[in-house]
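Structure first, commentary second.
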Amino acid sequence: MNAQHQPTGSAYFIEKETETRETHTLSVLVDNEPGVLARVIGLFSGRGYNIESLTVSETEHEEHLSRITIVTRGTPHVLEQIKSQLERIVPVHNVRDLTVRARELGHDKPLERELCLLKVRGKGEHRMEALRLADAFRAQVIDANIEHFIFEITGRVSKIEQFIATMKPLGLIEVCRTGVAAMNRGIDS
Amino acid sequence: MTATMTETKAKPAGRAMAGQQMTGAEMVIQALKDNDVQHVFGYPGGAVLPIYDEIFQQEDVQHILVRHEQGAGHAAEGYARSTGKVGVMLVTSGPGATNAVTALQDALMDSIPLVCITGQVPTTLIGSDAFQECDTVGITRPCTKHNWLVRDVNELSRVMHEAFRIAKSGRPGPVVVDIPKDVQFSTGTYHAPSPVIEQKSYQPRVKGDLAKIKAAVELLASAKRPMIYSGGGVVNSGPEACHLLREFVKLSDFPITSTLMGLGAYPASGKNWMGMLGMHGTYEANMAMHDCDVMLCIGARFDDRITGRLDAFAPHSKKIHIDIDPSSINKNVRVDIPILGDVEHVLEDMVRLWRAQSQKNDAEAMKGWWSQIAKWRGRNSLAYAENRDVIMPQYAVQRLYELTRDRDTYITTEVGQHQMWAAQFYGFEEPNRWMTSGGLGTMGYGLPAALGVQIAHPESLVIDIAGDASVLMTMQEMSCAVQYEAPIKIFILNNQYMGMVRQWQQLLHGNRLSHSYTEALPDFVKLAEAYGGVGIRCEKPGELDDKIEEMIDVKRPVIFDCRVANLANCFPMIPSGKAHNEMLLPDEATDEAVANAIDAKGRSLV
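Taken in sequence, the protein lines are chains A and B. Here the first sequence is numbered in the numbering used here, starting from 2 and rising by one per residue. Here the second sequence is numbered in the numbering used here, starting from 65 and rising by one per residue.
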């Protein structure tokens, strides 16, 4: 960075970001104990990191382990810091950057799926159109009466975004999404 | 101290029998004993009364009654830093816990091992906004390494032992154990500390990667302008780490500088010592950091007060960084060879490899480097205008050093100009002799910290080099010092200003001294007497030595009101936003230079 661009007058520095920001998916294995999610979220808010999506559930009942899947966005430097900072939290067992691993395996990104419920209200032609499109997207009807449908759709984030956009003019009134669950291809865990 | 704890030793048998039944309050005391705790700093209140009742009925653990919970925290920090042991504090729920927060954050930033036990309202009342209730684990989550709310008495002993393990292992830090009052009353099974670690997560790595250490040794041996930059992590790693650091400096003949927190790891009288680096570091240390070609950073974290302008920080150097905390590596400054591990273990390998490979430094290049350093040293960057009529603050610290250097002395400080002068002019020969609030910069740290040090070292000379503003923030602990006959010496460099605030106002805000002058100060001599201590005032340079001697001879707490030049400023200084090689030196720091050191752009920043 050029010295003239550096603001003076402070021991704190505002550096112009030169690295490009990337979206990564992190998989964090933690002890399922009270407050563990608050520790993880507090780290992100306290240090100014982004959370784009967050999913958490106990995955190994005997060992009381939960898996937290976080989609975050930052420069490679920040992403590396996020991983190190997460690893410092005492109940965190391990942190894996699934996006980095996917690239090592020669893929663009890890397998990512999200489940979404949509409530669509409508009558007549709109209603028929909604049903036809839902069929095209392989969404399922899980509840309906003569004036509404609730669709369930599973898939990549982009597909869900597209489905939501499609349903909007057809009477979409409520959306609920789970956030991303992710895993890498191949036999290795 | 730090990392070796992954191999926790089994405690001698017979202290607590396996599976013994006792109350939660009894467990707390038993766990303290089983973790070799002799002193606890605390303040009672409703939610910890059962624990205080147990303290009353035993003599193994001594309780030191402070006057404010923040004081308990800093005292425990001073105790920990001067002994290498874990400091322990005990406070009540609600305000007791919130008052402890400053000390917890202070310990977190300076990596001080601290166990803070807080009382909590009974489990049935949690969440009901009960009297003196607060969400202690919620409030202290970001200012501790880890914390626990213990809802089941049968979990209590395990949590207590784990608290001690986490506080002192890896990068040390504070932990909080929050114990509801009903858990303190109820009876359960106590388990002694286990020789095997039950915790599956959090296993800090202590041994460094040998391949990387080898690469580091080779890079160091090839260096033409090497520089060692050591930090508080060396002191935390323990006496053996400091010994190995000295050994490595001797073997390599490299120049060494240190952060504020690392002073004493390498002796100030050592021939390779360059003085402290950073914002108020010496010219030679900062210039050498800027121009070095290989930097060895040991247990330091590239703090903003150290690096100056980041993009101009040691621009031509290859950097090696030894740290036990992975998140410290590549955080502010990218390094070429990161070595994750405990300083002691890594330095041990480093010294061994250097010897085994009969590595030699580049003698020809080193000669040139040292002669360059000699030129920088010749600049005499710590010079100040001497004065016969008023005491210069630098002179006061120099005299204090000369008159106490041959004694068994510990120094603590508050935060501000006096702290920097103490760091610049007091020579530390050994680690654990220097207690200061580095990361958080907590005014009011020094007096209670001195108290904690004195409790740990009753026969030693413990001096808090203080400022008149800082010291008033925790002055009430004088009362505690008198109660426990702790003969701490509060050496106040009294200039009636918040000197560092004023210095920044002069640099940044057109000399508009907004609220940095204390128009009403107490009479510190009378204040000392009011507390039951001894007050000494000194106003002339000629009487300084005699009065310092008088202070040392008094075996009671002393407040020494040293009236110093009111408007002296702390130099050298890297003006904000400048690089290491753009220091403002004392002889260049005219009023005009000070006023123009920083341009208008910077004023929008802190």
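The C-beta atom is built at its ideal place from N, Cα and C for all residues, glycine as well.
Next on the checklist: Do I161/A and E115/A have their beta-carbon atoms positioned less than 8 Å apart in this structure?
Outcome noted: yes
Checklist entry - Ordered along the chain, which non-local residues of its own chain (more than five positions away) have a Cβ less than 7 Å from that of M537/B? => result M507 and G508
Next on the checklist: Can you tell me whether P621/B is buried or exposed? The criterion is at least 16 other CB atoms within 10 Å of its CB, across all chains shown.
Outcome noted: buried
Next on the checklist: Against chain A, with Cβ distances strictly below 8 Å, would S221/B count as a contact?
Outcome noted: no
Checklist entry - In chain order, what residues of the same chain have a beta carbon less than 6 Å from the beta carbon of W498/B, not counting five sequence neighbours either side? => result Residues L327, G328, I475 and F492 of the same chain have their beta carbon placed closer than 6 Å to that of W498/B, with the five preceding and five following residues left out of the count.
Next on the checklist: Just to make sure I have the definition right: I need the residues of chain B whose C-beta is within less than 7 Å of the C-beta of S85/A. Which are they?
Outcome noted: In chain order, P390 and S391 make up the part of chain B whose C-beta sits under 7 Å from the C-beta of S85/A.
Item to check | Chain-order list of residues whose beta-carbon lies under 8 Å from that of V281/B (same chain, five-residue window excluded) | outcome: Counting only Cβ-Cβ distances below 8 Å, and skipping sequence neighbours, we find M414, L417, W418, Q421 and Q423.
Checklist entry - Any idea what DSSP makes of S316/B, helix, strand or coil? => result Residue state, collapsed to three classes: helix.
Checklist entry - Under a Cβ-count criterion, where at least 16 other Cβ atoms within 10 Å of its own Cβ denotes burial, should Q567/B be classed as buried or exposed? => result buried
Checklist entry - What residue range is occupied by the uninterrupted alpha helix (DSSP H) comprising N559/B? => result Per DSSP, N559/B belongs to no alpha helix (DSSP H) and is neither H nor E.
Checklist entry - Quick one: what does DSSP say N146/A is sitting in, helix, strand or coil? => result strand
Checklist entry - With 8 Å set as the bound, which would you pick, yes or no: does the beta-carbon of A39/A sit closer than that to a beta-carbon of chain B? => result yes
Checklist entry - How is T477/B classed by DSSP in three states: helix, strand or coil? => result Strand, per DSSP.
Next on the checklist: Please state the DSSP three-state secondary structure of G187/A.
Outcome noted: coil
Checklist entry - Going by C-alpha distance, which of F138/A, A182/A, R40/A and D32/A is nearest I71/A? => result A182/A
Next on the checklist: At the level of alpha carbons, what is the spacing between A550/B and Y490/B?
Outcome noted: 23 Å
Item to check | Any chain B beta carbon closer than 8 Å to H94/A | outcome: Answer yes: the Cβ-Cβ gap between H94/A and chain B drops below 8 Å somewhere.
Item to check | Own chain, CB closer than 7 Å to M430/B, minus 5 neighbours either side, in chain order | outcome: Result list for M430/B: D317, in chain order.
Checklist entry - Using DSSP with H/G/I as helix, E/B as strand and the rest coil, what is P621/B? => result Reduced to three states, the DSSP call for P621/B is coil.
Checklist entry - Around the C-beta of A74/B, are 16 or more other C-beta atoms found within 10 angstroms, so that it is buried, or is it exposed? => result Any reading at A74/B must be qualified, since the residue scores a pLDDT of 42, below 50, and its modelled position is unreliable; the value itself is stated next. Counting Cβ neighbours within 10 Å, A74/B comes out exposed, since fewer than 16 surround it.
Checklist entry - D387/B bridges to which residues according to DSSP? => result L404/B.
Next on the checklist: Counting only C-beta atoms, is E162/A closer than 8 Å to chain B at any point?
Outcome noted: no
Checklist entry - With a cut-off of 8 Å, does the C-beta of T72/B fall near any C-beta of chain A? => result Caution is warranted here: a pLDDT of 41 is assigned to T72/B, below 50, making its placement in the model unreliable, and no coordinate value can be reported.
Checklist entry - Which two residues bound the contiguous alpha helix (DSSP H) that contains I69/A? => result It is not in any alpha helix (DSSP H) - I69/A instead sits in the beta strand (DSSP E) that spans L66 to G75.
Next on the checklist: Could you compute how far the alpha carbon of Q7/A sits from the alpha carbon of Q184/B?
Outcome noted: Low confidence applies here, because Q7/A scores a pLDDT of 41, under 50, leaving its location unreliable and the question unanswered by this model.
Item to check | Extent of the continuous beta strand (DSSP E) run through V240/B | outcome: Per DSSP, V240/B belongs to the beta strand (DSSP E) from P238 to P244.
Item to check | Interface partners of V217/B on chain A, CB under 7 Å | outcome: Result: empty, since nearest Cβ-Cβ is about 17 Å, beyond 7 Å.
Checklist entry - Which whole-angstrom value describes the C-beta separation of E133/B and N163/B, a residue pair presumed to lie in contact below a C-beta threshold of 8 Å? => result 4 Å
Item to check | Under 7 Å (Cβ pairs) to chain A, residues found in the region 257 to 272 of chain B | outcome: K264, S265 and Y266
Next on the checklist: Suppose contacts are defined by Cβ-Cβ distances below 8 Å. Is I455/B in contact with L608/B by that definition?
Outcome noted: In this structure, the beta-carbon distance from I455/B to L608/B falls below 8 Å.
Checklist entry - What separation, rounded to the nearest whole angstrom, lies between the Cα atoms of E148/A and V158/A? => result About 28 Å.
Checklist entry - Helix, strand or coil for H25/A per DSSP? => result strand
Checklist entry - Would V91/A pass as a contact of S265/B if the rule is Cβ separation under 8 Å? => result Yes, Cβ-Cβ distance for V91/A and S265/B is below 8 Å.
Next on the checklist: So N394/B contacts chain A; which residues on that side make the cut at Cβ distance below 9 Å?
Outcome noted: H78, E81, Q82 and S85
Item to check | Cβ shell of A376/B (< 6 Å), same chain only, five flanking positions each side left out | outcome: A643
Checklist entry - Using a Cβ-Cβ distance under 8 Å, would R205/B count as near chain A? => result yes
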